[in-house]
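Residue numbers (our numbering), protein chains in the order written: chain A, -3 to 206; chain B, -3 to 206. Where a beta carbon is used, it is the ideal one built from N, C-alpha and C, also for glycine. Data first, discussion second: the structure below is written as structure tokens.
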Ligand SMILES: Nc1nc2c(ncn2[C@@H]2O[C@H](COP(=O)(O)OP(=O)(O)OP(=O)(O)O)[C@@H](O)[C@H]2O)c(=O)[nH]1
Ligand SMILES: Nc1nc2c(ncn2[C@@H]2O[C@H](COP(=O)(O)OP(=O)(O)OP(=O)(O)O)[C@@H](O)[C@H]2O)c(=O)[nH]1
Ligand SMILES: [Mg+2]
Ligand SMILES: [Mg+2]
Ligand SMILES: [Zn+2]
Ligand SMILES: [Zn+2]
């Protein structure tokens, strides 16, 4: 129990600090390969002309994801957990201690690809976003209720390949059933469908696309 | 440390018992929605005319997977972990204690969808199989080396949708690099491509398809 208590206290600190400084911090969780990074690439492209974006990537190994997002205008840092299956508030704090928070406007963390363990570890974000993709099948939300209960936004990605094998309908219904105030957004990080809707749901203002 | 030691001793017990009784027990791990269940449905359909197959399904919630496989001729049981992110040897032993091992020939467990935690928990199987799908992107194996190091067979699934967005080439290369004796099999649980190859890699004899 002790580890969770310590973690949650630190998470609350982070949340308060970000609020006082009028910064926004979001935790992007989701299944392996659901499109978390490509979505963050699209968000970074869209926001970078107007805001300074900082992204903390979490993965067992490699810096592939941080490098991808860095090419889209955000400042990134990669945490390699070595085997750890989720990020924690203290891992966030360690990264925040290395930078000047005032140099940035919007902060994201891409959590480790896993729909179970990250649900139990509050990282101090203002909102939790959970990304799944239609290619994982129609039951993925029904089977992982806990992580969705702790989320404010459910993203259903890869909607560009909707068709004979895969569809979003059941996933949208299941996400909406989890909690009445859940924002459910269908996206395609490939075609950029839904990316502006997601940015709006995060409460970030940007000029409309041309 | 203690929990792992106890688990590994029990796993060794299970492995020895299965060997003495000349039964085969396989642990199917993999990413969420990679196709573990559909692959087991195909295997159950293919083996059930010749062998008695028993499948232990592990998921956070629901009995969806056990019910699907039961329709294909296997006897199944569903473990709901409630929030646990991996199966263990003691969870296997509990299920084996409820049945007569001699009533079956081949045993499978479908582990919880997760490429991290199950790597650390030996369940007593003769072989570990890890399933990923091409829709998760080309880096999924590079990013999760640990679970593949402990596997004998890497399955790359959903190869029927190979094309512009997704392909298997990098995944096959990465799986082969992890260890020289890794069996790498490309499958489509939808079209049944590669299912017989997988059954052969498990060391199970079946008559050729008509
Ligand atoms: N067709 C299609 N492909 C997508 C979409 N989003 C992501 N992909 C592809 O899906 C694969 C995985 O995307 P990533 O962005 O790496 O996914 P991720 O969730 O960050 O993956 P991990 O960090 O490894 O868990 C890549 O091949 C992407 O090109 C989408 O909306 N449509
Ligand atoms: N096109 C195609 N779809 C597949 C294939 N294998 C599985 N699917 C689909 O992928 C989705 C997930 O398949 P499942 O068999 O439930 O995957 P799983 O790995 O057991 O999922 P979890 O147990 O929830 O982690 C379903 O919609 C399947 O129909 C395949 O080879 N090709
Ligand atoms: Mg990623
Ligand atoms: Mg399954
Ligand atoms: Zn974990
Ligand atoms: Zn775990």
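- The C-alpha of residue 42 (chain B) lies about 41 Å from the C-alpha of residue 189 (chain A).
- Within the stretch 30 to 57 of chain B, those residues whose Cβ lies closer than 7 Å to any Cβ of chain A are, in chain order, 55, 56, 57.
- Residues of the stretch -1 to 30 of chain A that bring their beta carbon within less than 9 Å of a beta carbon in chain B comprise 27, 28, 29, 30, in sequence order.
- Nearest Cα to residue 161 (chain A) within the set B:185, B:141, B:50, B:-2: B:185.
- Taking 8 Å as the cut-off, the Cβ atoms of residue 131 (chain B) and residue 157 (chain B) count as close.
- Rounded to whole angstroms, residue 24 (chain A) and residue 180 (chain A) show a C-alpha spacing of 14 Å.
- Between residue 56 (chain B) and residue 142 (chain A) the beta-carbon gap is near 7 Å, inside 8 Å, which marks them as a contact.
- In the structure shown, the three-state DSSP call for residue 60 (chain A) is helix.
- Ranked by Cα distance from residue 72 (chain A), the first of A:84, A:40, A:139, A:151 is A:40.
- For residue 188 (chain B), none of the residues of chain A pass the 7 Å Cβ criterion, the least Cβ distance being about 15 Å.
- Between residue 146 (chain B) and residue 21 (chain B), the CB-CB gap reaches or exceeds 8 Å.
- Relative to ligand 6, the beta carbon of residue 82 (chain B) is positioned inside 7 Å of a heavy atom.
- Close to chain B, meaning a Cβ-Cβ distance shorter than 8 Å, are the following residues of the stretch 129 to 141 of chain A: 129, 131, 132, 133, 135, 136, 138, 139, 140, 141.
- From the listed residues A:159, A:199, A:191, A:135, the smallest Cα separation to residue 205 (chain A) is found for A:191.
- Counting along the chain, residue 126 (chain B) sits inside the beta strand (DSSP E) bounded by residues 123 to 129.
- Against residue 83 (chain B), chain A offers no close residue; the least beta-carbon distance is about 12 Å (beta-carbon pairs closer than 8 Å).
- For ligand 6, a non-hydrogen atom lies closer than 7 Å to the CB of residue 112 (chain A).
- Counting the other Cβ atoms within 10 Å of the Cβ of residue 149 (chain B) gives 16 or more, which makes it buried.
- Membership of residue 50 (chain A) in any alpha helix (DSSP H) is not indicated; the residue belongs instead to the beta strand (DSSP E) covering 49 to 55.
- Exposure of residue 187 (chain B) is indicated by the presence of fewer than 16 other C-beta atoms within 10 angstroms of its C-beta.
- Judged by DSSP secondary structure, residue 153 (chain B) falls within the beta strand (DSSP E) whose first and last residues are 149 to 153.
- Separation of the CB atoms of residue 138 (chain A) and residue 58 (chain B) is rounded to 6 Å, and the pair is thereby assigned contact status at 8 Å.
- In the structure shown, the three-state DSSP call for residue 72 (chain A) is strand.
- Note that the stretch 23 to 38 of chain A does not touch the stretch 0 to 9 of chain A; fewer than 3 beta-carbon pairs, one per stretch, sit closer than 8 Å.
- Taken through DSSP and simplified to helix, strand or coil, residue 182 (chain B) comes out as strand.
- For the stretch 95 to 115 of chain A, the set of residues with a beta-carbon nearer than 9 Å to any beta-carbon of chain B comprises 108, 109, 110, 111, 112, 113, 115, in chain order.
- Per the C-alpha coordinates, the member of A:164, A:177, A:99 positioned closest to residue 17 (chain A) is A:99.
- Bridge pairing for residue 191 (chain B): absent [DSSP].
- The beta carbon of residue 62 (chain B) sits closer than 6 Å to the beta carbons of 53, 72, 74 from its chain, once the five residues preceding and following it are set aside; these are given in chain order.
- Between residue 154 (chain B) and residue 31 (chain B), the gap from beta carbon to beta carbon is short of 8 Å.
- When C-beta distances to chain B are compared with 7 Å, the residues of the stretch 59 to 82 of chain A below that value are 60, 79, 81, in chain order.
- Contact between residue 44 (chain B) and residue 70 (chain B) holds: CB atoms are separated by about 6 Å, below the 8 Å threshold.
- Around the Cβ of residue 35 (chain A), a 10 Å sphere holds 16 or more other Cβ atoms; the residue is buried.
- Here residue 4 (chain B) is near residue 118 (chain B), since their CB atoms are less than 8 Å apart.
- Contact annotation: residue 128 (chain A) and residue 95 (chain A) have beta-carbon atoms that are not nearer than 8 Å.
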